[in-house]
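Participant: Attaching a single structure in structure tokens format; questions to follow.
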Ligand SMILES: [Fe+2]
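Residue numbers (our numbering): 28 to 400.
See below:
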């Protein structure tokens, strides 16, 4: 490992120039600090910068034009997220960010879309095609980097990367442009409430500060990333796949945040994939302890958390917390009805959208720290 930045935590700064050494360096950073700051990541940052410029132009448009891409009218959860589409976070006060969400672009006649699998379908774009061109290029670049990083992390902890790839053939990966606005009056509320991300890995390219990660010692640490670097966070699925060896990174955007922009890529799994501990063959038989465990009882004597999570329902359940319109589209009573066959998927759950809100998987960091975040 080569430490190249003087102004970030020593263990969190990772050069990816030496792949064999980089996997363990990433594991070390994610395990201790909860994040890694990456150089030599292989992403052409001019592509990320170009997408940023076009996204800024979009966010500067009149609201009526932005709402032409309203995510609330998308069948696949894509497009513009206005400030008033606020999630449910105790530590987040007045919502002051807007977003634009992009995912794996699937045609309406794709089998997963035709069968109304939640969150899968076409992207949504403004009539002016400039954002589409650069954003799609940015998505492809960050996806390639995230996939490589996931493979690096997985092989470093002994996960069979071929088995992992089978869980990610058409993954629910997502890219978000996030534009934060300065608070109108001083506030102690977080600009984005504390949470873990719902996929395997998260990559962040940021303009402006404010990102904070809770480290293994329980302290909130500011994440400073030099221009051109990428920030890596661990997600919920990686925590499950590693049996808790790598914990999902609890993070937030702090109260003092002025204006900020970030481009964020979430590397997910296929909707129907079930993620289980994958560290060694003995973990193939999973004991799901979610039913009646106390949080600390989920730890085996080897320190592994033997539990599984269904990737799609987990993502959907967490997005319901973030998006009021998804709570309306997939209401609790429908989620409990496995045989619901309503064909209007703009207003009702598809038969694939079966989750149990009373038994939502929560990362270990969330279990331990969310209440005092
Ligand atoms: Fe996040």
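All residues carry an ideal CB built from backbone N, CA and C; glycine is no exception.
#1: The beta strand (DSSP E) with residue 289 in it runs from where to where?
#2: Can we say the segment 215 to 226 touches the segment 177 to 186, given the rule of at least three CB pairs closer than 8 Å?
#3: Leaving out the 5 sequence neighbours to the left and right, which residues in its chain are closer than 6 Å to residue 358 when beta-carbon positions are compared?
#4: If we ignore side chains and look at the alpha-carbon of each, how far apart do residue 356 and residue 52 end up?
#5: For residue 203, report the span of its beta strand (DSSP E) as first-last.
#6: In terms of residues, what are the limits of the beta strand (DSSP E) holding residue 229?
#7: Could you check where the alpha helix (DSSP H) with residue 171 kicks off and where it finishes?
#8: Report all residues from its chain with a CB closer than 6 Å to the CB of residue 294; omit the five preceding and five following residues, and keep chain order.
#9: Leaving out five residues on either side along the sequence, give the residues of the same chain with a beta carbon under 6 Å from the beta carbon of residue 152.
#10: Less than 8 Å between C-beta atoms, sequence neighbours within five positions excluded: which residues of the same chain meet that for residue 105?
#11: Spell out a yes or no on whether the segment 76 to 95 and the segment 260 to 272 are touching, meaning 3 or more CB-CB pairs, one atom from each, closer than 8 Å.
#12: Is DSSP giving residue 267 helix, strand or coil here?
#13: Verify whether the separation of the beta carbon atoms of residue 238 and residue 68 is less than 8 Å.
#14: Helix, strand or coil, according to DSSP, for residue 124 in the structure here?
#15: For residue 216, which residues does DSSP report across the bridge?
#16: Residues in the same chain with beta-carbon distance under 8 Å from residue 146, minus the five sequence neighbours each way, listed in chain order, please.
#17: Apply the 10 Å Cβ neighbour rule to residue 83 and answer buried if 16 or more other Cβ atoms are within range, or exposed otherwise.
#18: What number of angstroms, rounded off, separates the C-alpha of residue 197 from the C-alpha of residue 135?
#19: Taking only the alpha-carbon atoms, compute the straight-line gap between residue 49 and residue 100 and give it to the nearest angstrom.
#20: Could you tell me whether the segment 72 to 80 touches the segment 274 to 290, using the rule of 3 or more Cβ pairs below 8 Å?
#21: Tell me whether the beta-carbon of residue 205 lies closer than 8 Å to the beta-carbon of residue 70.
#22: Drop a sphere of 10 angstroms on the beta-carbon of residue 61, count the other beta-carbons inside from all chains shown, and report buried for 16 or more, exposed for fewer.
#23: To which residues does DSSP link residue 279 through a beta bridge?
#24: Output yes or no for whether 8 Å exceeds the beta carbon distance between residue 240 and residue 264.
#25: Starting from the C-beta of residue 242, find all residues in its chain whose C-beta is less than 6 Å away, skip the five residues before and the five after it, and write them out in chain order.
#26: Compare the C-alpha of residue 216 against each of 282, 236, 96 and name the closest.
#27: Which residues in the same chain as residue 156 place their Cβ atom closer than 8 Å to its Cβ, once the five residues preceding and following it in sequence are excluded?
#28: Roughly how many angstroms separate the alpha carbons of residue 117 and residue 111, rounded to a whole number?
#29: What's the C-alpha gap between residue 254 and residue 74?
#30: Is the beta carbon of residue 166 less than 8 Å from the beta carbon of residue 230?
#31: Confirm, please, whether the CB-CB distance from residue 304 to residue 268 is below 8 Å.
#32: Output the boundary residues of the alpha helix (DSSP H) element that contains residue 352.
#33: On the DSSP letters alone, give me the boundaries of the beta strand (DSSP E) that residue 258 sits inside.
#34: Let's test the definition: count the other Cβ atoms within 10 Å of the Cβ of residue 250 and tell me whether it reaches 16, buried, or not, exposed.
Facilitator: Let me spell this out:
#1: Your numbering for residue 289 matches position 262 in the chain shown. It spans 287 to 294 - the beta strand (DSSP E) in which residue 289 sits, taken as one unbroken run.
#2: no
#3: Locating residue 358 in the chain shown gives position 331, where the first residue counts as 1. Cβ neighbours of residue 358 beyond the five flanking positions: none.
#4: In the chain shown, the residue the question calls residue 356 occupies position 329. In the chain shown, the residue the question calls residue 52 occupies position 25. If I take the Cα positions, the gap works out to 42 Å.
#5: Reading the chain shown from its first residue, position 176 is the one you call residue 203. Unbroken beta strand (DSSP E) run through residue 203: 201 to 207.
#6: Against the chain shown, residue 229 aligns to sequence position 202. Residue 229 -> beta strand (DSSP E) spans 228 to 234.
#7: As a position in the chain shown, residue 171 is number 144, starting the count at 1. Where residue 171 is concerned, the enclosing alpha helix (DSSP H) stretches over 157 to 183.
#8: Mapped onto the chain shown, residue 294 falls at position 267. Once the five neighbours on either side are set aside, the close Cβ partners of residue 294 are 173, 177, 200, 226, 227, 228.
#9: Numbered from 1 along the chain shown, position 125 holds the residue referred to as residue 152. 159, listed in sequence order.
#10: Residue numbering aside, residue 105 sits at position 78 when the chain shown is read from its first letter. Excluding residues within five positions, the ones whose Cβ falls inside 8 Å are 98, 128, 129, 130, 148, 149, 150, 151.
#11: no
#12: Counting from 1 along the chain shown, the entry for residue 267 is found at position 240. Residue state, collapsed to three classes: helix.
#13: By 1-based counting over the chain shown, the position of residue 238 is 211. By 1-based counting over the chain shown, the position of residue 68 is 41. No; because the gap between Cβ atoms is not below 8 Å, this pair is not in contact.
#14: Sequence index remark: in the chain shown, residue 124 carries index 97 (1-based). Strand.
#15: As a working note, residue 216 is residue 189 in the chain shown. Answer is none; residue 216 lacks a bridge partner.
#16: Here residue 146 corresponds to residue number 119 of the chain shown, with the count starting at 1. 103, 104, 130, 199, 298, 339, 342, 343, 346.
#17: Here the question's residue 83 lines up with position 56 in the chain shown. Its Cβ having fewer than 16 others within 10 Å, residue 83 is exposed.
#18: The residue you call residue 197 lines up with position 170 of the chain shown. The residue you call residue 135 lines up with position 108 of the chain shown. Residue 197 and residue 135: Cα-Cα distance of roughly 15 Å.
#19: Within the chain shown, numbered from 1, the residue matching residue 49 stands at position 22. Within the chain shown, numbered from 1, the residue matching residue 100 stands at position 73. If you take the alpha carbons of residue 49 and residue 100, they lie about 42 Å apart.
#20: yes
#21: If you number the chain shown from 1, residue 205 lands on position 178. If you number the chain shown from 1, residue 70 lands on position 43. No. Outside cutoff.
#22: The residue given as residue 61 occupies position 34 in the chain shown. Answer is buried; the Cβ neighbour count reaches 16.
#23: In the chain shown, counting from the first residue as 1, residue 279 sits at position 252. 239.
#24: Within the chain shown, the letter at position 213 stands for residue 240. Within the chain shown, the letter at position 237 stands for residue 264. No, the Cβ-Cβ distance between residue 240 and residue 264 is not below 8 Å.
#25: In the chain shown, counting from the first residue as 1, residue 242 sits at position 215. Contacts found: 60, 61, 248.
#26: As a working mapping, residue 216 is identified with position 189 in the chain shown. The residue with the shortest Cα to Cα distance from residue 216 is 282.
#27: Here residue 156 is taken as the residue at index 129 of the chain shown, counted from 1. Taken in chain order, the list of residues that qualify is empty.
#28: For the purposes of this step, residue 117 is identified with residue 90 of the chain shown, where counting begins at 1. For the purposes of this step, residue 111 is identified with residue 84 of the chain shown, where counting begins at 1. The straight-line gap from Cα to Cα measures roughly 16 Å.
#29: Position 227 of the chain shown holds residue 254. Position 47 of the chain shown holds residue 74. So the two alpha carbons sit approximately 14 Å from each other.
#30: Here residue 166 refers to the residue found at position 139 when the chain shown is read from its first residue. Here residue 230 refers to the residue found at position 203 when the chain shown is read from its first residue. Not in contact: residue 166 and residue 230 (Cβ atoms no closer than 8 Å).
#31: For this step, residue 268 is matched to residue 241 along the chain shown. For this step, residue 304 is matched to residue 277 along the chain shown. Cβ distance < 8 Å, so residue 268 and residue 304 count as in contact.
#32: Counted from its first residue, the chain shown places residue 352 at position 325. Unbroken alpha helix (DSSP H) run through residue 352: 351 to 356.
#33: Taking the chain shown and counting its residues from 1, the one referred to as residue 258 is at position 231. Note, residue 258: beta strand (DSSP E), 257 to 261.
#34: Within the chain shown, numbered from 1, the residue matching residue 250 stands at position 223. Looking at its Cβ environment, which holds 16 or more other Cβ atoms inside 10 Å, residue 250 is buried.
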